[in-house]
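> As they're listed, the protein sequences go chains A and B.
End of the first sequence = 922 in our numbering, gap-free, step of one.
End of the second sequence = 398 in our numbering, gap-free, step of one.
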Amino acid sequence: MLQDRTVQPETDATIDRGEPIMRLDHLRRDFASRNGDITAVDNVSFDLYKGDILCLVGESGSGKTTVARMAAGLLKPTRGKVYFEGKDIYEMSKKEFGEYRRAVQIIHQDPYASLNPIHTVGDMLRAPLLKHKICRNRAEATKRASELLELVDCRPVENFIDKYPHQLSGGQRQRISIARAMTLNPRVIVADESVSMVDVSIRVSLLNTMLKLRNELGVTFLFITHDLSVVKYFAWEGNIGVMYVGKVVEYGRTPGVIGRSMHPYTRALAAAIPEADPDLTRSKEKLQLRSLDIPQLTELPDGCVFHPRCPYWVQGLCDVKMPPLVRVAEDREVACHVVQAIVERGGNPRDLEVTDQLANELMRK
Amino acid sequence: MTDQATRAAFEAERNRTRGTAESTAPVILSIKDVSVQYKTPFGWMTAVRKSSMDIRRGEAVALIGESGSGKSTLGFALLRMLPRAARVNNGSAMFTDNEGKTYDLFSMSDKEFRDFRWSKCAMTFQAAQNVLNPVMRVSNIFYETAKAHGWNDRKAVREKTLDLFKKVQLDPRRVFDAYPHELSGGMRQRVSIALSLLLDPDLLILDEPTTALDIITQRAIIDVVKSLREQLDFTMIFISHDLSLAAELADRVATMYAGEIVEYGPVRDVFYEPEHPYTVGLLNAVPPITGEEFTPLVAIPGATPNLLSIPSGCPFHPRCPFATEICVNVNPPLEEVGGTHYVACHHHDQVTRDQEVWEGMEATVAAG
C-alpha cells in the first residue's frame with residue numbers, strides 16, 4: 558500500500574542523516590505564575606535532520622507549543638540550547654541570527670487571526686520578497702508570488718492573488734499562510750496545530766500540500782498536534798515525540814509508536830481515541846486510568862509525572878524516582894520504570910503486567 | 031480479535047442498548063421539510079433546507095457534517111434557540127412525549143415553550159463554560175433551574191443532583207459547592223450533562239459534546255453518555271463534526287451537507303455501505319488510528335459552498351466524481367434505498383469508495 562503513494566517516498570530517501578539541521582538540547586522553560594514558577598517544558602532534546610518530520614503530540618498543557626516556540630527562536634529557553642546548523646542560536650552574530658530566523662518559519666493554528674485582513678494575498682506575499690531583497694521589483698515579486706500560490710495548490714492563481722482573507726475559506730487561508738511561510742525559502746517549517754481548525758474533507762489536501770514541500774523541496778518539518786490521526790498520516794516517514802506535562806515520555810519512528818506504543822500514557826491515548834468504524838471502535842480494548850485529571854503544573858507529582866494516573870505504577874518507585882528517557886528498542890525511547898524493567902528481563906514491553914515478583918525486585922533496586 | 035468476534039461483540043453491545051437500528055418504538059420527534067434562514071446584508075441565507083427525519087424513542091441519532099452544513103442550526107431550531115436574525119420559514123416539528131401527548135414545536139406560544147424546554151427536551155452545548163453562570167455555585171445553578179420549572183423542594187433537587195453527579199462520575203463533594211471556574215473542562219461538560227437531565231427530559235440534544243476536549247477527557251464523556259443511556263430512559267440527538275463519535279455512540283446517522291440531510295440510516299449501513307458520495311468522501315478522509323498499516327487518505331476536492339450561492343441541482347455536484355448532467359439541474363430528494371436507509375443522490379447505486387475515482391477528481395477542482 559505504502560509504495561503506491563507518490564507523496565510517501567521510500568524511507569530515508571529524503572532524509573539526510575548527516576549533521577542535524579536543528580538540535581534541541583535539554584531544553585527547559587519556566588514561566589512565572591501567580592502561584593510560583595511553573596516548568597512548562599523540562600529536559601527535552603531532539604535532533605532534526607534535513608527532510609525529516611518530527612511530530613510532537615500531547616494534550617493541552619503538555620508543553621508541545623512551548624518547544625515549538627523555542628525551536629523557532631520566539632522564546633528563550635530557561636536552560637538548554639537550540640543549535641541551528643551546528644551553531645547555538647543565542648551565540649550567533651546578528652547576521653547569522655537573521656539568517657536563522659529566515660530559515661525557520663512558522664505556520665500558526667488560526668488562519669483567521671494570522672493573516673492581516675486589510676492586505677490582499679498578493680501584498681502579503683510580495684512584502685517579504687521585496688523587504689528581504691529576494692525580488693528586485695514589484696513585477697518580479699508578483700511573478701514569484703504566483704509561483705508560490707501554484708506551489709500551495711491555489712489554482713488558478715488569478716482567483717487568489719487579488720483576494721482579501723475574508724474572501725477565502727479557512728482551508729484556502731491556511732494555504733496562503735503556507736505560501737507566505739515559503740516566501741523566504743525556509744529550511745525548516747514549524748507548524749503549530751496548522752490543520753486543527755480546518756474541516757476534515759479539506760484537511761487531507763492541506764497535509765498533502767505540506768508533504769509536497771518536504772518531498773520536493775526537502776523542507777524539514779517540526780509539526781505540533783494533538784490529533785494522532787493527523788500524525789499517523791503526516792509523519793508516517795518521520796518520528797513522533799509524545800509529551801506529557803512538559804516531558805517527553807516516548808519517542809520513535811511513527812509506525813511503531815502508533816502501532817506498538819509502549820509507554821502507558823501513549824497506550825492510554827491510543828486506546829481512548831474513537832475510530833470512524835462502528836465495529837472497531839465499540840470493541841476496542843480500553844485502558845482504565847486511575848485518575849482522569851492532568852496534574853496542575855504548579856504542583857507536579859514526585860517521581861514519574863504520570864504515576865497518579867498510571868494503572869501499572871509500582872508504589873515506592875514510580876512515586877519517588879523520575880524515570881529517564883531510555884532507549885528500550887531499536888528506534889524507541891521510553892521514560893517508564895516498568896517498561897524498562899520488562900525489557901531488561903527480556904520480556905515483551907507490550908505485555909505490561911506488574912507481577913508481585915517484578916514489583917518486589919523493582920522496590921529492592 | 032477476529033472479524034467475527036468483533037461483529038459478535040458489537041451485536042451484543044447493540045442488543046444491550048435500547049433503540050436498535052430496526053427499532054419499532056413510537057416516533058418521538060418527526061421533522062418535516064424544515065427550512066431555516068438567517069438574515070444577512072445580502073438577503074436571506076438558507077442554512078437548513080427542506081430537512082425531514084423521524085426519530086424513534088430510545089434511539090441515539092447523530093447529525094454529522096462540516097462547518098456550515100446546518101447541523102447546529104437544525105438543533106437550535108428544534109429548541110427555538112435561534113438568534114434573532116434567524117427564522118424557521120418552512121416545515122414542522124412534532125414532538126410526542128412518553129405519555130403520548132403531542133407538541134407542535136414551531137407553533138407553541140413562548141410561555142408554553144418555556145415549560146416544555148428542559149422538562150421534555152434539553153440540550154447541552156459545545157462550550158460548557160458559557161452555559162454555567164460564572165458567579166453562581168454549581169448547586170445554585172441546579173436549584174435555580176428547578177425553580178424556574180416550579181420545582182421548589184430544595185432537598186429533593188439536591189438529592190436528584192447528587193444522584194446525577196454519581197451517574198456522570200463527578201465527585202459531589204468537590205463539585206456541588208464549587209464555582210464553574212474551579213472545575214476542569216471535562217468536569218464542566220459533565221456538570222452540563224447532569225444539568226440537562228435534571229428534569230428527566232424525554233429528548234436530549236448534545237451539541238458537539240466532546241469538541242475542544244483532550245482525548246482522554248473525550249473518552250470519559252463518551253463513556254458517561256453510554257452509561258447514562260443504559261440507566262435512564264431518554265432519546266438522544268447529538269451534533270458533531272466527528273465521524274468517530276457517531277461510530278461510537280449512534281444507532282442512526284444523518285449526514286448533512288449545505289443545509290440538507292443527504293443520507294440517513296442505521297449506523298452500520300452508513301459506515302459500511304455509504305451511498306452518498308459526500309459520506310464516502312468524509313469516510314475516505316478519516317483514517318483508522320490504531321494498527322501498523324499506513325492508510326492512504328483522499329481529500330474531498332474543492333471547498334464547502336457559500337450558503338448565499340449554493341450550486342444548482344445537487345449542492346454537492348461540483349465536488350462529486352460521480353456527477354452527471356442531471357446532478358447539475360435536479361436536486362435529488364431523500365429516497366429510501368433499502369430498509370430504513372435514505373439517500374439523496376441520483377447515482378447512489380454507482381457510488382464507491384474506490385480511491386482512484388476520487389483522486390482523479392481532486393486534480394480537476396480548485397483546492398479548498
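Backbone N, C-alpha and C fix where the C-beta goes; we use that ideal spot for every residue, glycine too.
(1) Can you name the start and end residues of the beta strand (DSSP E) that D587 of chain A belongs to?
(2) Using a beta-carbon distance cut-off of less than 8 Å, what residues from the region 829-848 of chain A approach chain B?
(3) Comparing the C-beta of L581 of chain A with each C-beta of chain B, is any distance below 8 Å?
(4) What is the rounded straight-line gap between the Cα of C867 of chain A and the Cα of P821 of chain A?
(5) What residue does the beta strand (DSSP E) around K638 of chain A start on, and which one ends it?
(6) Taking CB distances under 8 Å as the criterion, tell me whether K804 of chain A reaches chain B.
(7) Count the other C-beta atoms from every protein chain shown that fall within 10 angstroms of the C-beta of K69 of chain B, then say buried if there are 16 or more, exposed otherwise.
(8) Within the 8 Å Cβ cut-off, does P210 of chain B reach chain A?
(9) Measure the Cβ-Cβ separation of R636 of chain A and R580 of chain A and say whether it is below 8 Å.
(10) Between R144 of chain B and the rest of its own chain, which residues show a CB-CB distance below 7 Å, the 5 nearest in sequence each way excluded?
(11) Taking only beta-carbon atoms, is D609 of chain A less than 8 Å away from chain B?
(12) Near A90 of chain B, which residues of its chain fall below 6 Å by C-beta distance, leaving aside the five closest residues on each side in sequence?
(13) Does the distance from the C-beta atom of C357 of chain B to that of H371 of chain B stay below 8 Å?
(14) If you follow the alpha helix (DSSP H) that N716 of chain A is in, where does it begin and where does it stop?
(15) Note down, in chain order, all residues in the region 246-276 of chain B with a beta-carbon under 9 Å from any beta-carbon belonging to chain A.
(16) May I have the straight-line CA-CA distance separating A51 of chain B from M111 of chain B, to the nearest angstrom?
(17) Is H723 of chain A buried or exposed, if buried means 16 or more other CB atoms sit within 10 Å of its CB?
(18) List, in order along the chain, the chain B residues whose C-beta lies closer than 7 Å to that of K789 of chain A?
(19) Quick one: using the 10 Å Cβ neighbour count with 16 as the cut-off for buried, is L327 of chain B buried or exposed?
(20) Could you list which residues in chain B have their beta carbon closer than 9 Å to that of G816 of chain A, in chain order?
(21) Regarding Q67 of chain B and the ligand GTP, is the C-beta to nearest heavy atom distance less than 7 Å?
(22) If the cut is a Cβ gap below 7 Å, which residues of chain A does V11 of chain B touch?
(23) Which two residues bound the contiguous alpha helix (DSSP H) that contains L764 of chain A?
(24) Between G121 of chain B and chain A, is there a C-beta pair that is closer than 8 Å?
(25) So, helix, strand or coil for V328 of chain B, using DSSP?
(26) Among A:C612, A:Q662, A:A589, A:P865, whose alpha-carbon lies nearest the alpha-carbon of R847 of chain A?
(27) So, under 8 Å CB-CB, I610 of chain A and A792 of chain A are touching, yes? Tell me the CB distance rounded to an integer number of Å.
(28) Just to confirm the assignment, what range does the alpha helix (DSSP H) spanning G620 of chain A have?
(29) Spatial neighbours of P835 of chain A within its chain, please: C-beta separation below 7 Å, excluding the five flanking residues on both sides.
(30) Below 7 Å on C-beta distance, what does L785 of chain A contact in chain B?
(31) For A748 of chain A, go through chain B and note every residue whose CB falls closer than 8 Å to its CB, in chain order.
(32) How long is the line joining the alpha carbons of T811 of chain A and D272 of chain B, rounded to whole angstroms?
(33) List in chain order: all unbroken beta strand (DSSP E) runs of 3+ residues lying wholly within the region 143-190 of chain B.
(34) Rounded to whole angstroms, how far is the Cβ of T622 of chain A from the Cβ of D749 of chain A, which I believe are closer than 8 Å?
(35) If you draw a straight line from the alpha carbon of L225 of chain B to that of L59 of chain B, how long is it in whole angstroms?
(36) Counting only beta-carbon separations shorter than 8 Å, does E278 of chain B have a partner in chain A?
On the basis of the data shown:
(1) 579-590
(2) A829, I830, P831, E832, A833, D834, P835, D836, L837, T838, R839, S840, K841, K843, L846
(3) no
(4) 7 Å
(5) 636-641
(6) no
(7) exposed
(8) no
(9) no
(10) none
(11) no
(12) M266, L279, A280, D281
(13) no
(14) 715-718
(15) I246, T247, Q248, R249, A250, I252, D253, H271, D272, L273, S274, L275, A276
(16) Because the pLDDT of A51 of chain B is 48, which lies under 50, any placement of that residue in the model is unreliable, and the number read from its coordinates should be weighed accordingly. The straight-line gap from Cα to Cα measures roughly 29 Å.
(17) exposed
(18) P317, I319
(19) buried
(20) T320, G321, E322, E323
(21) Ligands displayed in this structure: none; no statement on the ligand GTP is therefore possible.
(22) No answer is possible for residue 11 of chain B: the residues shown for chain B start at 31 and end at 398.
(23) 757-774
(24) no
(25) coil
(26) A:P865
(27) 5 Å
(28) G620 of chain A -> no alpha helix (DSSP H), and no H or E assigned at all.
(29) none
(30) I319
(31) Those within 8 Å of A748 of chain A in chain B number zero; the least Cβ separation is about 17 Å.
(32) 24 Å
(33) 151-154
(34) 6 Å
(35) 22 Å
(36) yes
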